[in-house]
DNA sequence: CGTCTGACTGCCC
DNA sequence: TGGGCAGCCAGAC
């Protein structure tokens with residue numbers, strides 16, 4: 001059985017299971033860890049369980065004294081942004097703590113975390129549904145809503161998914177599908193086995209590629225709505241595309257202002273429009289790395305400006321008196 | 001198409 | 001310093 005679990009601190013665990021023919025055979029909700037443990041113990045022992053959450057804190061293995069994990073850095077280089085997992089001494093998000101606890105429960109139920117070696121059954125793995133959607137569809141989200149994009153990536157790859165499935169449920173299915181790819185030895189791992197590895201499918205039409213990397217960068221550099229930065233000067237690519245493309249390249253640990261982005265995209269007075277654009281793409285691009293000209297976070301940031309500052313702090317950005325230290329952390333697009 | 005609404009900025013007290 | 005304010009640009013009806 002190939003199982004996927006979507007972790008949410010407030011909404012509980014969504015659990016999906018696929019059989020070997022990728023039919024959805026189970027879609028359940030577990031309110032808390034105990035309920036999840038009961039379901040886990042009922043699974044066939046040769047199952048693979050994919051969880052949308054990290055199993056452990058960062059161990060600071062990235063060069064340069066950064067605090068996030070190697071997995072985050074590797075994916076960032078591919079243009080995929082995700083929540084940085086902080087080291088032990090920092091406060092993780094509540095859903096990350098749920099993840100740590102869940103992986104412990106799964107280990108006790110007979111599914112220890114898999115980190116390296118040949119793929120095998122009876123393990124749990126960390127996955128990232130957004131990465132799975134992106135690898136499978138070969139494109140970035142574009143104009144589709146997140147849920148439409150998710151559904152499109154799963155269509156024809158999984159059967160039995162209800163039309164009215166929630167985003168959490170689709171993410172659980174995506175995780176289960178990733179477990180299926182893992183069990184069928186078509187997978188890619190990102191990160192360092194000593195602290196945590198994120199697994200993704202190897203897209204079917206490029207099985208020879210060493211990693212999903214070609215697939216991903218291809219999506220960025222060509223067809224996708226993100227367009228190419230090389231062509232940024234031409235009218236061919238919209239302002240919005242250039243903005244998203246550029247923001248996706250702000251390094252971890254650095255920030256840019258709305259004005260910086262606008263200027264670099266050839267529209268010096270478009271700072272306000274940059275905000276408008278970012279507000280619609282908070283999930284796929286690290287929008288928390290964009291602050292206003294004084295270093296202040298956005299009052300409308302998802303979860304509140306405090307959350308934006310917390311995420312920046314966990315990435316190593318210096319915060320002082322509720323604003324980021326622009327002099328120290330400002331990134332200039334070159 | 002106009003009109004309205006912001007995850008903005010710089011300038012003026 | 002910091003608040004007020006008038007431009008500004010891209011999306012959403």
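In the numbering used here, the protein residues as written are 1 to 334. For glycine and all other residues, C-beta sits at the position ideal for the given N, C-alpha and C.
Does the segment 72–90 come into contact with the segment 1–17, if we say contact requires no fewer than three beta-carbon pairs (one atom in each stretch) closer than 8 Å? no
Cβ-based neighbour list, residue 115, same chain, cut-off 6 Å, excluding 5 preceding and 5 following: 193 and 197
Enclosing beta strand (DSSP E) for residue 249 [first to last residue]: Per DSSP, residue 249 belongs to no beta strand (DSSP E) and is neither H nor E.
For a test of the three-state rule: what should DSSP assign to residue 139, helix, strand or coil? coil
Am I right that residue 44 and residue 99 are in contact with their C-beta atoms under 8 Å? What's the rounded C-beta distance? So it is not a contact: roughly 23 Å between Cβ atoms.
What number of angstroms, rounded off, separates the C-alpha of residue 6 from the C-alpha of residue 199? 15 Å
At which residue ranges does the segment 89–165 contain complete alpha helix (DSSP H) runs of 4 or more residues, listed in the order of the chain? 94–108, 129–137 and 146–154
Range covered by the beta strand (DSSP E) that runs through residue 237: No beta strand (DSSP E) contains residue 237, which DSSP labels as neither H nor E.
CB residue 123 to CB residue 113, shorter than 8 Å? yes
Along the chain, where does the beta strand (DSSP E) that runs through residue 190 open and close? 187–192
Could you tell me whether the segment 294–305 touches the segment 262–269, where touching means 3 or more Cβ pairs closer than 8 Å? no
At 3 residues or longer, what runs of the beta strand (DSSP E) sit wholly inside the segment 20–94? 24–30 and 48–52
Run through DSSP, which three-state label would residue 346 get? It is not possible to answer for residue 346, since the shown part of the chain is limited to 1 through 334.
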